[in-house]
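Structure first, then comments.
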Amino acid sequence: MLGHRISRFGSTIVKQLAREGYISTYGRRNLQRSYGHYLPSLPVVPRQARTSQEAWFLKSHKFCTSSTTSSENGDEETEKITIIFVDKDGEEIPVKVPIGMSVLEAAHENDIDLEGACEASLACSTCHVIVMDTEYYNKLEEPTDEENDMLDLAFGLTETSRLGCQVIARPELDGVRLAIPSATRNFAVDGFVPKPH
Amino acid sequence: MSRYLARYMVSRYFSSASSRPLHVCIVGSGPAGFYTADKVLKAHEGAHVDIIDRLPTPFGLVRSGVAPDHPETKIAINQFSRVAQHERCSFIGNVKLGSDLSLSELRDLYHVVVLAYGAESDKDLGIPGESLSGIYSAREFVWWYNGHPDYSCLKPDLKTSDSAVILGQGNVALDVARILLRPTTELASTDIATHALSALKESSIRKVYLIGRRGPVQAALTAKELREVLGIKNLHIRIKQTDLSVTPADEEEMKTSRARKRIYELLSKAAAAAKTSKADPDQRELHFVFFRQPDQFLESDERKGHVSGVNLQKTILESVGTGKQIAVGTGEFEDLNCSMVLKAIGYKSVPVNGLPFDHKKGVVPNVKGRVVSHTSGDISQTEPGLYVCGWLKRGPVGIIATNLYCAEETVGSISEDIEEGVWKSSKAGSKGLMQLLEKRKVKKVEFSGWEKIDAKEKQMGIERNKPREKLVTWEDLLAAAAN
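For the protein sequence lines, the chains are A and B, in the order given.
The numbering of the first sequence is the UniProt record's numbering, which starts it at 1 and goes up by one.
The numbering of the second sequence is the UniProt record's numbering, which starts it at 1 and goes up by one.
Structure (structure tokens):
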């Protein structure tokens, strides 16, 4: 049991460090592999995520051992907000997200278990997230017909549901809490209990 | 000194019980199978997952069901491929449960067996004339245009008349209607099977009737698909204005489901637009026919044994409590002529030897994915180590994403059972399966074999300006995999 706890603790540290950007993408993958954790492998990513991933890599160059970039001011220039993901166990995971990045990309960058089956093509509802506070939900732009068509079918649909690939990080969303729907938990939003699908 | 002791303890630990391999076999490589595999791998460091499928190609209905003009829906294959390529996961194709090995043999080899093989059969209407030629299930027709090796020789009759009737108004009904009515120039650049494209180029079908026994508020189709079909150029939509009147019961249904409400609004808009469009020769028409249920199929006088139409009974809706309305016959009948009928009224699962099965519902009885042996009173006794996921568990409903949560529930049950230590014995797993298949001379196709098929199809596709040119026979698929 001790070894199991050590391995979990170690991987939590690694995850935390990765989120703060202290470990390069490459470094993080290696560390987590040695803890025997399964990671969705990074090579095949949607085009949008790849460029922001590159941007993220460039910004964290200070902390990695092999860097060939020359961008020194990346960190200061790109504004970031905090998004708090609430996973199926109710655990709150705050992550730093650059303005302009979608919630889906942000989740993938930070190993949050949010599926994106159609890779942001508005052809599925697997990146469904629930905005926990109606105040933040109202700050978002109205969903398009196409997004609403997909939301119609989302599991555990609530009045404050959105597709993660369509929600883009903006300054006014700083501190937003997003719950990931689960087969085993239903999330109350502002005391509102969502209807089962 | 204590540092060395700590390191020794840690290294001893990693070779101890909880990283002892957990051998899992998943039968079926569609979304249910792959989401289950993904979650098992993430939840259990010691899990080794084998995914078997009777086809040499993985991905189930994502490859053989999703329509050729819906490529974005097929992107899910990327994530499934990543799972298949995981070091603790193996895809083994061309292995059929029930023929190449039995369920009990599989349960002897693996700690956990998850059946996720979906629904490969159809609901029947059970009405006279159902066996006339020219009547197919939508599943057969879909497999035909998607190049499934079991149906490449279907040869549906598309040249006898200009009318086809589709029974059912769900998304599968819309898919087949669209493939029948889309200009073939548009279909030519999709991954549709070439034999289907050729047949469609010579098709005389110009009018397709989508028949539903209830009304527009109850139609099973969804907004995205409806929006798409309403937007097809030069396709005229026909909806009777009278069919759109709603009752208080209908209003209630729309209140509880935003999806229903949005679909009704789309259909109303379409009906209004239809009134203003002009009729023109050789135009393609899609008719939404509501409140009609098929009573019998009519046989052609000129071509014995072939369908020439459907006899339909008008219906009205009756409330059966809990907000549900059913269709009831009124005794008034009318005929609709056609030379082809596609039944899109739902799929049905197929049982295997040794598997508890509910023949009425067409699913495997289960509690949160654990297969039930039998039920007495309140208590359900479950089969140790046997689980279900996907359509085999829930019935043939839902979308690809539904399997994400279905898999979460099933894997939750598996994890609970593991914690309770239900399996203490060691199993042969992959090694045992390979030995068995070798003994029986089964020509298995591993993921690398699929990658060869994939590469060949893409290469052939480039030559014809298609994303891929599917290989449609067992011989061609197995040959490409072995190359």
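Every residue gets a Cβ at the ideal spot worked out from N, C-alpha and C, and that includes glycine.
Using a 10 Å radius around the Cβ and a threshold of 16 neighbouring Cβ atoms, would you call residue i buried or exposed?
i	result
Arg262 of chain B	buried
Leu386 of chain B	buried
Glu332 of chain B	exposed
Val62 of chain B	buried
Glu20 of chain A	Its pLDDT being 45, under 50, Glu20 of chain A is placed unreliably in this model, and the value from its coordinates should be taken loosely. Exposed.
Val422 of chain B	exposed
Asn146 of chain B	buried
Cys153 of chain B	exposed
Asp111 of chain B	The sequence shown places His at residue 111 of chain B, rather than the Asp named in the question. That one is buried.
Ser245 of chain B	exposed
Arg47 of chain A	With a pLDDT of only 41 at Arg47 of chain A, under the threshold of 50, the placement of this residue in the model should not be trusted; the figure read from the coordinates follows. Answer is exposed; the Cβ neighbour count stays below 16.
Asp53 of chain B	buried
Lys424 of chain B	exposed
Glu265 of chain B	exposed
Ser125 of chain A	buried
His148 of chain B	buried
Using a Cβ-Cβ cut-off of 7 Å, state whether residue i counts as contacting chain A.
i	result
Thr73 of chain B	yes
Glu416 of chain B	no
Glu408 of chain B	yes
Leu404 of chain B	yes
Gly412 of chain B	yes
residue 487 of chain B	This structure cannot settle anything about residue 487 of chain B, because the visible part of chain B is limited to 1 through 483.
Ile399 of chain B	yes
Arg224 of chain B	Before going on, a small fix: residue 224 of chain B reads as Lys here, not Arg. Yes, contact with chain A.
Lys76 of chain B	The residue asked about is misnamed: residue 76 of chain B is Ala in this sequence, not Lys. Output row for Ala76 of chain B: interface = yes.
Does any residue of chain B have a CB that is nearer than 7 Å to the CB of residue i?
i	result
Arg47 of chain A	Here the model assigns Arg47 of chain A a pLDDT of 41, short of 50, so the residue's position is not dependable and the matter cannot be decided.
Phe155 of chain A	yes
Arg50 of chain A	With a pLDDT of only 42 at Arg50 of chain A, under the threshold of 50, the placement of this residue in the model should not be trusted, and no figure is reported.
Ala117 of chain A	yes
Asp133 of chain A	no
Thr144 of chain A	no
Ala120 of chain A	no
Thr25 of chain A	Any reading at Thr25 of chain A must be qualified, since the residue scores a pLDDT of 39, below 50, and its modelled position is unreliable; the value itself is stated next. Closer than 7 Å: no.
Ala183 of chain A	yes
Ala123 of chain A	yes
Val126 of chain A	Before going on, a small fix: residue 126 of chain A reads as Thr here, not Val. For Thr126 of chain A, the answer is yes, since a Cβ of chain B falls inside 7 Å of its Cβ.
Asp174 of chain A	no
Asp149 of chain A	yes
Asp152 of chain A	yes
Gln53 of chain A	Residue confidence for Gln53 of chain A is low, a pLDDT of 44 falling below 50, so the modelled location carries little weight and cannot support an answer.
Ser41 of chain A	Since pLDDT at Ser41 of chain A reaches only 38, below the 50 mark, its modelled position is unreliable, and the value read off the structure follows with that caveat. Ser41 of chain A counts as touching chain B.
Using CA atoms only, rank isn't needed, just tell me which of the options is closest to residue i.
i	options	result
Met132 of chain A	A:Ile81, A:Ser182, A:Leu178 and A:Ala183	A:Leu178
Thr160 of chain A	A:Pro181, A:Tyr137 and A:Val176	A:Tyr137
Asp243 of chain B	B:Ala47, B:His48, B:Ile316 and B:Ser204	B:Ile316
Phe297 of chain B	B:Phe291, B:Arg303, B:Leu210 and B:Leu312	B:Leu312
Asp417 of chain B	B:Gly215, B:Gly449 and B:Lys368	B:Lys368
Leu174 of chain B	B:Asp295, B:Ile232 and B:Gly134	B:Ile232
Val86 of chain A	A:Lys80, A:Ala123, A:Val103 and A:Lys139	A:Val103
Ser182 of chain A	B:Trp144, B:Ala407, B:Asp454 and B:Ala220	B:Ala407
Gly461 of chain B	B:Val307, B:Val24 and B:Asp191	B:Asp191
Gly309 of chain B	B:Leu433, B:Asp162 and B:Leu187	B:Asp162
Phe290 of chain B	B:Ile326, B:Lys360 and B:Gln283	B:Ile326
Arg464 of chain B	B:Asn78, B:Gly170 and B:Ser189	B:Ser189
Asn353 of chain B	B:Arg107, B:Val40, B:Asn483 and B:His23	B:Arg107
Leu122 of chain A	B:His359, B:Thr382 and B:Lys224	B:Lys224
Gly28 of chain B	B:Phe80, B:Ile75, B:Ala43 and B:Ser380	B:Phe80
Thr144 of chain A	A:Arg162, A:Phe155 and A:Ile130	A:Arg162
Original post:
When the Cβ atoms of the stretch 63-78 of chain B are set against those of the stretch 320-329 of chain B, are three or more pairs found closer than 8 Å?
Top reply: The stretch 320-329 of chain B and the stretch 63-78 of chain B do not touch, with fewer than three beta-carbon pairs separated by less than 8 Å.
Original post:
Is the stretch 143-157 of chain A close to the stretch 369-379 of chain B, with three or more CB pairs under 8 Å?
Top reply: Not touching, per the Cβ criterion.
Original post:
Between the stretch 432-445 of chain B and the stretch 96-109 of chain B, do at least 3 Cβ pairs fall closer than 8 Å?
Top reply: A contact exists between the stretch 432-445 of chain B and the stretch 96-109 of chain B.
Subject >> Continuous beta strand (DSSP E) assignments of at least 3 residues falling wholly in the stretch 228-300 of chain B >> reply: Runs of the beta strand (DSSP E) inside the stretch 228-300 of chain B: 235-239, 284-289 and 292-299.
Original post:
Does the stretch 106-117 of chain B touch the stretch 387-394 of chain B, meaning 3 or more C-beta pairs lie closer than 8 Å?
Top reply: The stretch 387-394 of chain B, when compared against the stretch 106-117 of chain B, does touch it at the 8 Å Cβ threshold.
Subject >> Unbroken stretches of the beta strand (DSSP E), 3 residues or longer, contained in the stretch 93-163 of chain B >> reply: Every unbroken stretch of the beta strand (DSSP E) spanning 3 or more residues and falling wholly within the stretch 93-163 of chain B is given here in chain order: 112-115 and 135-137.
Subject >> Given 8 Å, three or more beta-carbon pairs between the stretch 345-358 of chain B and the stretch 119-126 of chain B >> reply: Yes, the stretch 345-358 of chain B is in contact with the stretch 119-126 of chain B.
Original post:
Does the count of Cβ pairs from the stretch 81-101 of chain A and the stretch 109-120 of chain A closer than 8 Å reach three?
Top reply: Three or more beta-carbon pairs drawn from the stretch 81-101 of chain A and the stretch 109-120 of chain A are found closer than 8 Å, and the two stretches are therefore classed as touching.
Original post:
Do the stretch 49-64 of chain B and the stretch 438-452 of chain B make contact, defined as three or more Cβ pairs closer than 8 Å?
Top reply: Two segments are said to touch when three or more pairs of C-beta atoms, one from each, lie closer than 8 Å; by this definition the stretch 49-64 of chain B touches the stretch 438-452 of chain B.
Subject >> Cβ pair count under 8 Å reaching 3, the stretch 167-176 of chain A against the stretch 394-414 of chain B >> reply: Too few Cβ pairs lie closer than 8 Å, so no.
Original post:
Along the chain, which unbroken stretches of the beta strand (DSSP E) at least 3 residues long are found entirely within the UniProt domain "2Fe-2S ferredoxin-type" (79-184) of chain A?
Top reply: Within the UniProt domain "2Fe-2S ferredoxin-type" (79-184) of chain A, the complete beta strand (DSSP E) runs of at least 3 residues are 80-86, 92-98, 128-131, 161-163 and 176-179.
Subject >> Contiguous beta strand (DSSP E) assignments of at least 3 residues, all confined to the stretch 196-228 of chain B >> reply: Scanning the stretch 196-228 of chain B from its first residue to its last, the whole beta strand (DSSP E) runs of 3-plus residues come out as 207-211.
Subject >> Entirely enclosed alpha helix (DSSP H) segments - the stretch 58-96 of chain B, minimum 4 residues >> reply: Taken in chain order, the whole alpha helix (DSSP H) runs of length 4 or more contained in the stretch 58-96 of chain B are 60-64 and 76-84.
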